[in-house]
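Okay, structure first, notes after.
In the numbering used here, the protein residues as written are 1 to 269.
Right, dumping it as structure tokens:
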């Protein structure tokens, strides 16, 4: 645990950490294929200023999610997603209002919102308890919302039917296992290092949407090479140029980076 919070974590701390995580992710530069302080990455419909407006619009909702978790803590875990969903949708609408209809943080709202909601439900706030609570709340989510549908109306449904990818739903249902696995070999200091470790293993649905499985493998292999051979600022800038040339954006890994930073600031158990 870092020096940010030396005392016992309260549920009210998690919404603050969630907001800080979004700002840290935005300011991290260079960020291959993603919006940062240098450029818009592989995005033509969003920029740094839009992301800043989005963060300002959605951050107040994190405390509301935590309050809802506490309010409904006595209800069965299987009912929690239904209770959280209306607030989550309202938060998304706040985002769209700030961005003119552009999806800047839908994945972040989902993942960080679940962590905040879980923080309101548990008695002991830690990385382990929050991940376990999120997993319990999301049990059966993939089966209900991906495997149980055949129309393939959304990108997530199509990717599940075609490739077996479970996306953000699967990551939540497994208690952010990809994040926890990447953090096992992370030095705990450089967010660029954690981002590369996530990009090397994450089955990023954003990459598949833009470049298919080949695009996903390209980014995973590239990140793994940098981790194996060593990297610096210029190596990341070169990766940024390479991903932009291929119109690839690892947005799913960016969402998980925010989750990872929040978990890193909490006691382990």
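Note that CB positions come from ideal geometry on N, CA and C, so glycine has one too.
The structure displayed is predicted, hence computed values, not measured ones.
Selection from the options that minimises the alpha carbon distance to residue i
i, options, result
"residue 91", "80, 100, 105 and 78", "105"
"residue 44", "103, 24 and 61", "103"
"residue 78", "144, 143, 196 and 136", "136"
"residue 223", "212, 206, 242 and 163", "242"
"residue 120", "179, 213, 80 and 38", "80"
"residue 65", "261, 100, 181 and 117", "117"
"residue 132", "85, 115 and 182", "115"
"residue 160", "38, 204 and 200", "204"
Cβ neighbours of residue i in the same chain (closer than 7 Å, five flanking residues each side left out)
i, result
"residue 5", "Per-residue confidence for residue 5 stands at a pLDDT of 42, beneath the threshold of 50, marking its modelled position as unreliable; the derived number appears in the next sentence. Closer than 7 Å at the Cβ level, and outside the excluded window around residue 5, lie 13 and 265."
"residue 257", "25, 191, 194, 195 and 198"
"residue 174", "135"
"residue 236", "30, 32 and 192"
Contacts around residue i, its chain only, beta-carbon distance under 8 Å, and the 5 residues preceding and following it disregarded
i, result
"residue 7", "Residue placement at residue 7 is flagged as unreliable, the pLDDT there being 49, under the threshold of 50; the coordinate-derived value follows with that caveat. Excluding sequence neighbours, residue 7 sits near nothing in its chain."
"residue 19", "55, 59 and 62"
"residue 83", "68, 72 and 75"
Own chain partners of residue i with C-beta closer than 6 Å, once the 5 adjacent residues on each side are dropped
i, result
"residue 240", "30 and 32"
"residue 127", "263, 266 and 268"
"residue 155", "209"
Residue i - containing alpha helix (DSSP H), residue span
i, result
"residue 76", "Taken as a continuous stretch (DSSP letters only), residue 76 belongs to no alpha helix (DSSP H), as it is neither H nor E."
"residue 135", "127-137"
"residue 123", "Counting along the chain, residue 123 falls outside any alpha helix (DSSP H), and DSSP gives it neither H nor E."
"residue 156", "155-163"
| said: Runs of 3 residues minimum, wholly inside the stretch 20-66: which ones carry the beta strand (DSSP E) assignment? | reply: Segments of the beta strand (DSSP E) lying fully in the stretch 20-66: there are none.
| said: Restricting to runs no shorter than 4 residues, where is the alpha helix (DSSP H) found entirely within the stretch 218-262? | reply: Taken in chain order, the complete alpha helix (DSSP H) segments of 4 or more residues contained in the stretch 218-262 are 233-245.
| message | Threshold first: 3 residues or longer. Then list the beta strand (DSSP E) segments lying entirely within the stretch 169-203, N to C. | response | Segments of the beta strand (DSSP E) lying fully in the stretch 169-203: there are none.
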